[in-house]
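S.K.: With our numbering applied, the sequence shown covers 17 to 190.
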Amino acid sequence: MIGFLTLLGRHDERALHAMVMRRRPSVDQFMRAVTHLGDVWLVVPLAVALMLGIVPGLETAGMHAAIILSVSHAFVQLLKRTISRPRPRLPIGCLSLVEAPDRFSFPSGHSAAALSLAIPLAAALPMAAGSAMIGLAPLIGLSRCYLGVHYPGDVLSGWTLALLAALASAPLIG
Numbered sequence: 017m018i019g020f021l022t023l024l025g026r027h028d029e030r031a032l033h034a035m036v037m038r039r040r041p042s043v044d045q046f047m048r049a050v051t052h053l054g055d056v057w058l059v060v061p062l063a064v065a066l067m068l069g070i071v072p073g074l075e076t077a078g079m080h081a082a083i084i085l086s087v088s089h090a091f092v093q094l095l096k097r098t099i100s101r102p103r104p105r106l107p108i109g110c111l112s113l114v115e116a117p118d119r120f121s122f123p124s125g126h127s128a129a130a131l132s133l134a135i136p137l138a139a140a141l142p143m144a145a146g147s148a149m150i151g152l153a154p155l156i157g158l159s160r161c162y163l164g165v166h167y168p169g170d171v172l173s174g175w176t177l178a179l180l181a182a183l184a185s186a187p188l189i190g
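#1: Going by C-alpha to C-alpha distance, which of D170, P142, R38 and G151 sits closest to G73?
#2: Taking only beta-carbon atoms, is I70 less than 8 Å away from chain C?
#3: Am I right that S112 and L106 are in contact with their C-beta atoms under 8 Å? What's the rounded C-beta distance?
#4: Residue range of the alpha helix (DSSP H) that A232 falls in?
#5: Whose CA, out of M37, R39 and H126, lies closest to the CA of V50?
#6: With a threshold of 16 other CB atoms inside 10 Å of the CB of H166, please say whether the residue is buried or exposed.
#7: Candidates R38, S124, E75 and K96: which alpha carbon is nearest I156's?
#8: Quick one, which of T98, R160 and A153 has its alpha-carbon nearest R39's?
#9: Who are the Cβ neighbours of G69 in its own chain at under 7 Å, not counting the five residues just before and after it?
#10: Once DSSP output is grouped into helix, strand and coil, what is the label at P269?
#11: What's the call for S132, buried or exposed, on a 16-neighbour Cβ count within 10 Å?
#12: List the whole-angstrom C-beta distance separating A129 from V56, where the pair is believed to meet the contact cut-off of C-beta under 8 Å.
#13: Which word fits D118, buried or exposed, when buried means at least 16 other C-beta atoms lie within 10 angstroms of its C-beta?
#14: Could you give the DSSP three-state label for F122: helix, strand or coil?
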């Protein structure tokens with residue numbers, strides 16, 4: 017795992033630096049807003065509210081989202097504490113545009129949370145709304161890199177955990 021992260025780290029750092037060096041003030045505020053759509057304090061209550069029927073017909077999607085969130089975040093926290101990958105070091109003159117929730121970056125909890133909610137909602141909603149949900153997850157992941165709090169590999173790993181949790185829990189939902 018350490019060898020993988022070392023190899024990933026070289027590519028991750030180059031990709032992240034290329035992104036943050038191209039920031040634009042006109043995009044900064046948008047990305048700050050988008051990134052908060054993956055905050056656990058927003059995603060978890062939303063999944064619970066859906067499960068409890070706040071939107072009729074989405075109870076099962078809410079239950080599936082709650083399961084995916086629980087499983088993916090258990091692994092996010094386990095990996096963060098086991099691997100302890102520090103947050104990105106940004107180029108001189110570039111600052112993180114949001115405060116990181118903790119000091120470890122691998123994997124991205126925001127990315128995992130966004131896809132954990134998006135997958136069951138995309139399956140339950142009409143095509144246009146479902147596509148919008150799936151489209152929002154990559155945007156949230158991109159925002160984490162743009163803002164300087166995650167490497168691209170952190171984001172991809174967060175999505176992978178959410179996808180694996182969704183696949184593993186699908187038989188429970190039916």
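Don't be surprised by glycine CBs; every beta carbon is placed ideally from N, CA and C.
M.R.: Let's see:
#1: Minimum Cα distance to G73 is reached at P142.
#2: This model lacks chain C altogether; it includes just one protein chain.
#3: 7 Å
#4: A question about residue 232 goes unanswered here, because the residues of the chain that appear run from 17 up to 190.
#5: H126
#6: buried
#7: Ranking the options by Cα distance to I156, first place goes to S124.
#8: R160
#9: E75
#10: Here the chain comprises residues numbered 17 to 190, so residue 269 is not present and cannot be evaluated.
#11: Under this definition S132 is a buried residue.
#12: 6 Å
#13: Exposed, since its Cβ has fewer than 16 Cβ neighbours within 10 Å.
#14: coil
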